[in-house]
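Numbering (the numbering used here), first residue to last: 3 to 503.
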């Protein structure tokens, strides 16, 4: 059985295609259609989901959330006794829970999956997500961008209409703006922009800061160093944020230790706190549109994705920008998982596949330019872009390099993601020393180095050595921010022994 997983910052959603060929959501053990991306570590077992979220205010030191924001960060470690867990470990635990609950619900083994990631995720973050799935015992059919998955779910029901689409995807922790065209039933991504550190979590933090400031003014107490108070108030402000999607004001009732109070939050107060962040999302939509070579008059539909797109100010500012009402026809919490399930069905169609879900081609793009480290005229290391941002996937470029010494035995390769020449503003994917076959190699011997993005947006490097006529296919990139193959094997064994509820 294959499923689609929306591995969200704050919530996850799982979908599958039933025997009639229709997409369905997998409910969790509590019957909910989404599962909080929260983990609680008890003494002898691990809890994932709402029960874990409820423990956050009681045992914050044993609870972890917002893991998605740490993906690809090799410095992040969550301590567990004498050991620690990486973002890949933590995401694998969540994925294992989703796998187990899906198998319980469907009554059969889940053997493969399509997982979604933000369009603006870089190579390290995509590879970390892929590794987490492998650690959880899942075969990854594809890593698909969340806006692309949403557009796919929309496109299968609108294949007969040629149109330009803007996806506004504002989730719990990330934002993507993606321009696409739907032509003849096929989806083509034109351009993408985003922010991996902008979402509902930041709106919560803004409101949390406001509440803490009000408490400090009245009670002369600083709660920032009290992690129990922070978790208590975080739940309160999250509820207030959701309430303001349908109300003009709400109250945050506080009953914590010696503090008994009620703080009124109006729509105006909340809007003032988040307005600058929402404006940033609108700016990114404009950048995306410009990169796509379109004007707003040429955009037929703007589709909201992600739970944070329900916020009133978001809808008002987006409507003002685009000059028309955005589309609310898709469930922003579920559409990404449904698109992932459809993608899984397209990859491995079987005899029960519905023709309605077939016959659609997807062409995505890379969200970051790919470059190499070279010396400029001042003998400084800089980024030389060889595959530009928004190139259709898969894509590859071959560059020629020449040996500088007699019988050169190795070449140094620096792989970079980013738009700037200055390496300080780029992400160093890998700095590798590749050993060459031992042959006679005069100065000036040519090496052909091919850099590629696959359809998952993950980088590959191939080398052809002209002196030995050797094609060194698929060089194992030593990623600075990711796990080694041996580490993945060890972690898979460790996670498989965990009791996860």
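Where a beta carbon is used, it is the ideal one built from N, C-alpha and C, also for glycine. Predicted model, so just to flag it, every value in this text is computed and none were measured.
Straight-line Cα distance separating residue j from residue i
i, j, result
"residue 123", "residue 369", "8 Å"
"residue 464", "residue 473", "8 Å"
"residue 378", "residue 156", "47 Å"
"residue 170", "residue 438", "47 Å"
"residue 456", "residue 424", "26 Å"
"residue 491", "residue 79", "19 Å"
"residue 399", "residue 52", "46 Å"
"residue 22", "residue 101", "22 Å"
"residue 119", "residue 336", "14 Å"
"residue 3", "residue 54", "28 Å"
"residue 418", "residue 385", "7 Å"
"residue 248", "residue 268", "12 Å"
"residue 24", "residue 66", "35 Å"
"residue 503", "residue 410", "56 Å"
"residue 94", "residue 445", "48 Å"
Beta-carbon proximity check, residue i vs residue j, cutoff 7 Å
i, j, result
"residue 428", "residue 416", "no"
"residue 69", "residue 92", "yes"
"residue 483", "residue 443", "no"
"residue 291", "residue 209", "no"
"residue 441", "residue 469", "yes"
"residue 166", "residue 301", "yes"
"residue 371", "residue 451", "no"
"residue 73", "residue 138", "no"
"residue 311", "residue 97", "no"
"residue 178", "residue 461", "no"
"residue 367", "residue 115", "no"
"residue 182", "residue 152", "no"
"residue 17", "residue 346", "no"
Per-residue DSSP class, three states only, for residue i
i, result
"residue 28", "coil"
"residue 10", "coil"
"residue 352", "Unreliable placement is indicated for residue 352, whose pLDDT of 49 sits below 50; the coordinate value is still reported in the next sentence. Residue 352: coil per DSSP, three-state reduction."
"residue 55", "helix"
"residue 17", "strand"
"residue 482", "coil"
"residue 487", "helix"
"residue 575", "Here the chain comprises residues numbered 3 to 503, so residue 575 is not present and cannot be evaluated."
"residue 1", "Outside the displayed span of the chain (3 to 503) sits residue 1, for which this structure offers no information."
"residue 525", "Given a span of 3 to 503 for the chain in the structure shown, any question on residue 525 remains unanswerable."
"residue 464", "strand"
"residue 499", "coil"
"residue 293", "helix"
"residue 283", "helix"
Beta strand (DSSP E) segment containing residue i, residue limits
i, result
"residue 181", "177–185"
"residue 414", "412–419"
"residue 82", "80–82"
"residue 67", "65–67"
"residue 450", "448–455"
"residue 46", "That residue, residue 46, is in no beta strand (DSSP E); it is neither H nor E in DSSP."
"residue 307", "303–307"
Alpha helix (DSSP H) segment containing residue i, residue limits
i, result
"residue 317", "314–324"
Closer than 6 Å: residue i CB and nearest the ligand ZN heavy atom
i, result
"residue 71", "By its list of ligands, the structure shown contains no ligand whatsoever, and the ligand ZN lies outside what it can speak to."
Quiz item: Whole alpha helix (DSSP H) runs in the segment 90–175 with 4 or more residues, listed along the chain?
Solution: Every alpha helix (DSSP H) of 4 residues or more that sits fully in the segment 90–175 is shown, in chain order, as 125–137 and 148–157.
Quiz item: Can you give, in chain order, each stretch of the beta strand (DSSP E) that sits fully within the segment 183–270 and has at least 3 residues?
Solution: Entirely contained in the segment 183–270, the beta strand (DSSP E) runs reaching 3 residues are, in chain order, 188–197, 251–258 and 261–268.
Practice problem: Note down, one range per segment and in chain order, each beta strand (DSSP E) of at least 3 residues found wholly within the segment 361–440. | Solution: Entirely contained in the segment 361–440, the beta strand (DSSP E) runs reaching 3 residues are, in chain order, 372–377, 383–389, 397–404, 412–419 and 429–437.
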